[in-house]
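Asks: Numbers 959 to 1055, taken from the numbering used here, label the letters of the sequence shown in order.
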Amino acid sequence: AYKAGIQGVLYPTEYGGTRPDDFDSFHEIILWDELARPGGGGALGQMSINSMALPPIINFGTQQVKDKIVRDVVTGKKNCSLMISEPYAGSDVANIR
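(1) By how many angstroms is the C-alpha of T1020 removed from the C-alpha of K1026?
(2) Quick check: what's the CA-CA separation for Y969 versus S1043?
(3) Can you tell me the Cα-Cα spacing of I1126 and A994, whole angstroms?
(4) Taking the C-alpha atoms as reference points, what is the distance between F1095 and A1011?
(5) For N1019, name the three-state secondary structure that DSSP assigns.
(6) Going by DSSP, what residue range makes up the alpha helix (DSSP H) through L989?
(7) If distances are taken between C-alpha atoms only, which option among G1048, Y1046, P1014, Q1022 comes closest to S1039?
(8) Are the Cβ atoms of V1028 and Y973 separated by less than 7 Å?
(9) According to DSSP, what are the bridge partners of G966?
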């Protein structure tokens, strides 16, 4: 997805992304729709996993963690995942107290 120039569009340039200044949720919806149209399963899978796992790191991670992880994921060198588990909530994020 990165080599095709589409994964980076989801992330800021400071992390190796290619996100234009005017890129908003509407543009992201169009991107996902156009990727799905020809059956871009591999790219969709990679981008969807990264789009769930990276925002918490970008928004709440320390600078040290961001420097270690984000650029490599955005540029396609690494993949990441998100695991959520809380007592009495499991993976039900809405039920975390």
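All C-beta atoms, glycine included, are put in the ideal place defined by N, C-alpha and C.
Replies: Taking the definition as stated:
(1) On the sequence shown, position 68 is the one that residue 1026 refers to. On the sequence shown, position 62 is the one that residue 1020 refers to. One Cα belongs to K1026, the other to T1020, and the distance between them is close to 10 Å.
(2) Walking along the sequence shown from the start, residue 969 turns up at place 11. Walking along the sequence shown from the start, residue 1043 turns up at place 85. Computed Cα separation, rounded: 26 Å.
(3) Only positions 959 to 1055 of the chain appear in the structure, and residue 1126 is not among them; the question remains open.
(4) Any answer about residue 1095 is impossible in this case: the structure gives the chain only from 959 up to 1055.
(5) Along the sequence shown, read from residue 1 onward, the residue named residue 1019 stands at position 61. It should be noted that the sequence gives Gly, not Asn, for residue 1019. The answer is coil: DSSP assigns G1019 none of H, G, I, E or B.
(6) Here residue 989 is taken as the residue at index 31 of the sequence shown, counted from 1. Here the alpha helix (DSSP H) through L989 covers 983-994.
(7) The count along the sequence shown starts at 1 and reaches residue 1039 at position 81. Of the listed residues, the one whose Cα sits closest to S1039 is P1014.
(8) Here residue 1028 corresponds to residue number 70 of the sequence shown, with the count starting at 1. Here residue 973 corresponds to residue number 15 of the sequence shown, with the count starting at 1. Their beta carbons are under 7 Å apart, which means V1028 touches Y973 by this criterion.
(9) Position 8 of the sequence shown, counted from the first residue, corresponds to residue 966. G966 pairs with nothing; no bridge assigned.
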